[in-house]
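Just so it is clear: in the sequence shown, position 108 is 107 by numbering that gives the first Met the number 0, and no numbers are missing. In what follows, a single structure is set out as structure tokens and then discussed.
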Amino acid sequence: MDRVLALKSLIDLRVSLPLALAHLSEFEWDCSEKLVDLEPVHIASVLNKFLAGELNSPEVESWANAIAGLEDIDVPEPLMRAAVHELANPTLTPALTGWRAQWWLSRLRVLGN
């Protein structure tokens, strides 16, 4: 698997989060260029998986921390950066609840989700 496919596996959660992170561990963590774009649909998909009970809040936090920590994932919109920051930092920001997930989903729709 190449780096771009590994990144896409993470942002899409095409595989389990531990497997996506394992694929990424095969590469250097730092990368000097943006290789993939995070889109509103990616965040919405993770939030919908949370609402469906397919992911729990620690898994969402781990996913968001991985996204936030990778320089080769571009998060172009300030609203999306705010969502990733909040999801990655539940002790510093509002905790992820069903209501909060719905709140973020309603805001992400504005970006074309």
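Note that beta-carbon positions come from the ideal geometry of N, C-alpha and C, so glycine has one too.
- By the 16-neighbour rule on beta-carbons within 10 angstroms, A51 is exposed.
- Residue state for D11 is assigned as helix, using DSSP reduced to three classes.
- Look at V83 here: in three-state DSSP terms it is helix.
- Distances from the alpha-carbon of E85 to those of L16, P75, W62, V35 put W62 closest.
- Every unbroken stretch of the alpha helix (DSSP H) spanning 4 or more residues and falling wholly within the stretch 13-43 is given here in chain order: 16-23.
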